[in-house]
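Sequential numbering of the sequence shown, starting at 90, is according to my numbering. For every residue, glycine included, the Cβ atom is placed at its ideal position computed from N, Cα and C. Note that this is a predicted model, so its numbers are computed, not measured.
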Amino acid sequence: MQLKKTINVHDDVAEIIFNEQQIQERVKELALKISNDYIGKQVTLVPILKGAAIFFGDLLKNITIPISLDFMMVSSYKNTLSSGFVCVELDLRETAENKNILIVEDIIDTGITVDCVYERIKLQKPKSIKICSLLDKPSRRRKIINIDYFGFEVQDKFVVGYGADFNEIYRNLPYISVLKNEIYEEKEF
Ligand code: IMP
Ligand code: MG
Numbered sequence: 090m091q092l093k094k095t096i097n098v099h100d101d102v103a104e105i106i107f108n109e110q111q112i113q114e115r116v117k118e119l120a121l122k123i124s125n126d127y128i129g130k131q132v133t134l135v136p137i138l139k140g141a142a143i144f145f146g147d148l149l150k151n152i153t154i155p156i157s158l159d160f161m162m163v164s165s166y167k168n169t170l171s172s173g174f175v176c177v178e179l180d181l182r183e184t185a186e187n188k189n190i191l192i193v194e195d196i197i198d199t200g201i202t203v204d205c206v207y208e209r210i211k212l213q214k215p216k217s218i219k220i221c222s223l224l225d226k227p228s229r230r231r232k233i234i235n236i237d238y239f240g241f242e243v244q245d246k247f248v249v250g251y252g253a254d255f256n257e258i259y260r261n262l263p264y265i266s267v268l269k270n271e272i273y274e275e276k277e278f
């Protein structure tokens, strides 16, 4: 079957769940809270690539305390389904030992990904570890996760945009949205 080619990613969107302004306002609130909570402390932000990249970039610019960065890249999704297995594609460059680590995620869904990252970092004996996620999808949780900072709660829908992808596409949408049904159906096997 010949798939319809997407010319403009915005055309594939069925519904905007959180628009640019809502996201930017919420990101500023989270950054202010983080800046206050860590005042006088050094914090290392660890975004989980690729999904957290856009949120992380905006969050970072609004944090006012000194911070350092490290990165992790993990994968677990195929189409719209979590495989349940987390593959670490890129690990921390520097040790987390004795540091205040803030994991930055785009979405916490089953919780399997962030739980795996958390436990992996914990092995390095950091001073503290906290979790910040733009979106919280609690309905499908399989692990108990304490999310220290979250932007918005979302229903059990597969969302894209602002870093979140469907088959690696749609990360560049500046808002959080749901795609038209036929897009998910066309590309699922
Ligand atoms: P979890 O392991 O089920 O909690 O899934 C976490 C990861 O899957 C997140 O880091 C997201 O990148 C991705 N993910 C979960 N739900 C969605 C979604 O609705 N859209 C796009 N990516 C998602
Ligand atoms: Mg992710």
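Spatial neighbours of residue i in its chain, beta-carbon cut-off 8 Å, leaving aside the 5 residues before and after
i      : result
Arg182 : Asp159, Phe160
Asp245 : Lys226, Ser228, Arg229
Ile220 : Leu191, Ile192, Glu194, Ile197, Val203, Tyr207, Ile234, Asn235, Ile236, Asp237, Tyr238
Ile137 : Met161, Met162, Val163, Ile192, Val193, Glu194, Asp195, Thr202, Val203, Val206
Beta-carbon proximity list for residue i, same chain, < 7 Å, skipping 5 on both sides
i      : result
Asp180 : Met161
Tyr48  : One cannot answer for residue 48 here, as it falls past the ends of the chain, which runs 90 to 278.
Ala142 : Pro136, Gly252
Leu119 : Leu148, Cys221, Tyr238, Gly240
Val175 : Val163, Ser165, Ile201, Thr202, Cys205
Thr184 : Gln213
Exposure label - residue i; buried when at least 16 CB within 10 Å
i      : result
Thr202 : buried
Glu257 : exposed
Ile265 : buried
Lys188 : buried
Ile123 : buried
Gly173 : exposed
Ser217 : exposed
Val177 : exposed
Leu121 : exposed
Leu212 : exposed
Arg200 : Correcting the residue identity first, residue 200 is Gly in this sequence and not Arg. Its Cβ being crowded by 16 or more others within 10 Å, Gly200 is buried.
Gly140 : buried
Gly146 : exposed
Rounded distance between the beta-carbons of residue j and residue i, thought under 8 Å
i      : j      : result
Val102 : Leu191 : At roughly 31 Å, the Cβ-Cβ gap does not stay under 8 Å, so Val102 and Leu191 are not in contact.
Thr133 : Ser164 : About 22 Å separates the two Cβ atoms, so there is no contact after all.
Val98  : Leu262 : 6 Å
Reduced DSSP category for residue i - H, G, I as helix; E, B as strand; rest coil
i      : result
Ser157 : strand
Phe239 : strand
Ile233 : coil
Tyr259 : coil
Asp101 : helix
Ile272 : helix
Asp245 : coil
Gly252 : coil
Asp198 : coil
Cβ shell of residue i (< 6 Å), same chain only, five flanking positions each side left out
i      : result
Thr95  : Asp101
Phe278 : Below a pLDDT of 50, predicted positions are generally treated as unreliable, and Phe278, at 36, falls in that range; the measurement from the model is reported next regardless. Excluding sequence neighbours, Phe278 sits near nothing in its chain.
Ile272 : Asp101
Original post:
Fully enclosed by the segment 200-228, which alpha helix (DSSP H) runs are 4 residues long or longer?
Top reply: 201-211
Original post:
In chain order, which beta strand (DSSP E) runs of at least 3 residues are fully inside the segment 104-188?
Top reply: 132-138, 156-158, 161-167, 170-179
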